[in-house]
Structures are given as C-alpha cells and as structure tokens.
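Number of protein chains: 2
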Amino acid sequence: MKLQEHQALDAFAALSQGTRLQMVRVLVIAGKAGLPAGVVAEKVGASSSSASFHLSHLEHSGLVASKREGRSIIYTADYDALSGLVQFLMADCCQGHPEIIAGAAAAVASCCQPQDGANA
Amino acid sequence: MKLQEHQALDAFAALSQGTRLQMVRVLVIAGKAGLPAGVVAEKVGASSSSASFHLSHLEHSGLVASKREGRSIIYTADYDALSGLVQFLMADCCQGHPEIIAGAAAAVASCCQPQDGANA
DNA sequence: CCTTCGTTTCAACGACTCTTGAGAGATTGA
DNA sequence: TCAATCTCTCAAGAGTCGTTGAAACGAAGG
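Shown next, in the form of structure tokens:
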C-alpha cells in the first residue's frame, strides 16, 4: 500500500510529536493484539485526556486502528500504513537518485533479516 | 547514518508541511548541484520570504544544506540525512515486526534497481 | 438502579506555525 | 559610489497544536 500525498503529510505530522512517536513504537511492539488506551497512556507517561487526544490524532492519520473490547478501547498499529509510509518516503526520495536508497537497503538487511529473500 | 530521535522528530515535522515536502522533492530531483533559493521558491509557488522561512526550517532539520554562490544561495538535499530518516523509520517500525519491512523491501526493489546488489 | 471503571469530549489557555509585506544585508556590475 | 539583484530578517496577525481539568458517555458488576 502506497500512501497518497495528503496521507503521508498527516502521517509525518503524526510522527513529528514525541508522545505520538512513542505511542507508535509501543503499539508496534505490542503487536497485532494491541493495547488498551490506558496502558498506552501509562507507557508513554501521558494523562488520559492527553493520550486520548494523541491516539485520535494517530487514528485519524491512519497509523493506528481502534476497536472497543468491553470497557477498554484497544489500539493497534496499522502495519500496512506504516509500511506504506516507508514506501512513500523512499519513492519520493528515490526520484532518479538511488544512492539515497542504498543506505536504506542496508538498513533493511541489518535491521531484521529473518528471511533473506524479502524482495517481492 | 542513523538519526537520533530528536533529529527524526525535526525531520518528520519538516516533511509534514506541503510546501516543504515539495521543496525536498525538487531538491532531490535537482541533484548534487542544488538550486538557488529563488528557483526553489518559484518551483513550489511560494513567495521569497515564505520560501526562505521553509528553507531555513529544512536546513535546521538537517534535510538540506546551503552554500552561498555569488548573489545566490544554493540549497541541496542531504542524501545522508534522507537515507538516515528512512533507516530510523524502519528501525523504529521493525522492532520485532519484520512484516512491516517486507513491503518496504519490495519498494526498494521496485522503486529503483539500477544495481541489484544494493545491500551493504 | 447505582456505582465504578475506562475512555472520550469540551472549553480555556499558552505556545508554536505559517503568511504577508516592508525593510535590511550581501554581492555584483556600471 | 550607485543601482540592481538575490536573499534574509523582522513584526504583526490568523490559525493550529498540546495540555489541563472538569464533565459526560458507555460498559460491567453489585
């Protein structure tokens, strides 16, 4: 999934705030099961209303999704959107300049290489 | 080059603004030679003072560099920083979740593959 | 029904962002 | 030196962002 420009702008804006970047991290680590809002708030050290504000922001930007589960509202990272953001960044940087991508490709390799042939 | 968190935050903030994202695009396309401020301003449709504001913002964030050349001030995209930003994004997304990276790796492959063995 | 729990919504406030237009710096050529 | 060119800086104003605390909402349990 490749993002549209306005989606990418929203996503960059979402990630340009420390609390929100940390929230994304926390939710990515939490995996597909996600985490209730309160736990996210606690992990990033935000008040409940502040956390709610940032989580809606992230949800609006498409980077996370939410679902109600009993009294809690569970937030999960949207891997597709995150992946799309990386793609957008590279496609927008790559325009005729593959040398920018070289370092990124190295990062792909060094960051996590469970399966070697990750290419499509 | 991998970015520090505060650098990444600044970079995301820089890219979260339409005019600035376009400026980065224009400068990446322009290549190592760069472009004078006035030309960048014209290409993105900004007034000279607005362009100056955004270009300083980008320079402060480390995404572009500037050098005086006669009357003009030439701006160039910093490929290292751009590459570092992609790396930061992937490393921060990759934490135990290589599946986010799969799509990104595909993008690396499809976006620009002049040399196949781009891995470090 | 009433209370408790988890979360969101609202209003208010200070801080920051972006735009505009006028003016100032630096560099070049006559 | 003077004028022209390119760019930056400054101040003012509208708009947006993030925080806080109080209040409201929905779900679960006694």
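In order, the protein sequence lines correspond to chains V and P.
Here the numbering used here is used: the first residue of the first sequence is 1165, the next is one more, and so on.
Here the numbering used here is used: the first residue of the second sequence is 1165, the next is one more, and so on.
Yeah, the Cβ is synthetic: ideal placement off N, Cα and C, and Gly gets one too.
- Closest in C-alpha terms to V/Gly1195, from the list V/Leu1173, V/Ser1214, V/Tyr1239, comes V/Tyr1239.
- Nearest neighbour of V/Lys1166 by Cα position, chosen from V/Cys1258, V/Pro1262, V/Ala1273, V/Phe1252, turns out to be V/Phe1252.
- Distance from the CA atom of V/His1221 to the CA atom of V/Ala1178, rounded to whole angstroms, is 7 Å.
- Here the alpha carbon of P/Ile1265 sits roughly 15 Å from the alpha carbon of V/Leu1227.
- Rounded to the nearest angstrom, the Cβ distance from V/Val1272 to P/Ala1268 is 7 Å, consistent with a contact under 8 Å.
- Per DSSP, the unbroken beta strand (DSSP E) holding P/Ala1229 starts and ends at 1228-1233.
- About 7 Å separates the beta carbons of V/Gly1202 and V/Ser1212, which is inside the 8 Å limit, making them a contact pair.
- Residue-level contact by beta carbon fails for V/Ser1225 and chain P, as no gap is shorter than 8 Å.
- The continuous beta strand (DSSP E) containing V/Ser1236 extends over residues 1236-1241.
- Shown here for P/Ala1205: same chain residues with a beta carbon closer than 6 Å to its own, the five before and five after excluded, namely Ser1212, Ala1215 in chain order.
- In the DSSP annotation of this structure, the continuous segment of the alpha helix (DSSP H) that includes V/Leu1222 starts and ends at 1212-1225.
- Taking a Cβ-Cβ threshold of 8 Å, none of the residues of chain V is close to P/Val1204; the smallest such distance is about 15 Å.
- DSSP places P/Leu1185 inside the alpha helix (DSSP H), whose first and last residues are 1182-1194.
- Per DSSP, the beta-bridge partners of P/Leu1199 are P/Tyr1239.
- Within the same chain, Cβ atoms closer than 6 Å to the Cβ of V/Cys1257 are found at Ile1264, the five residues on either side in sequence being excluded.
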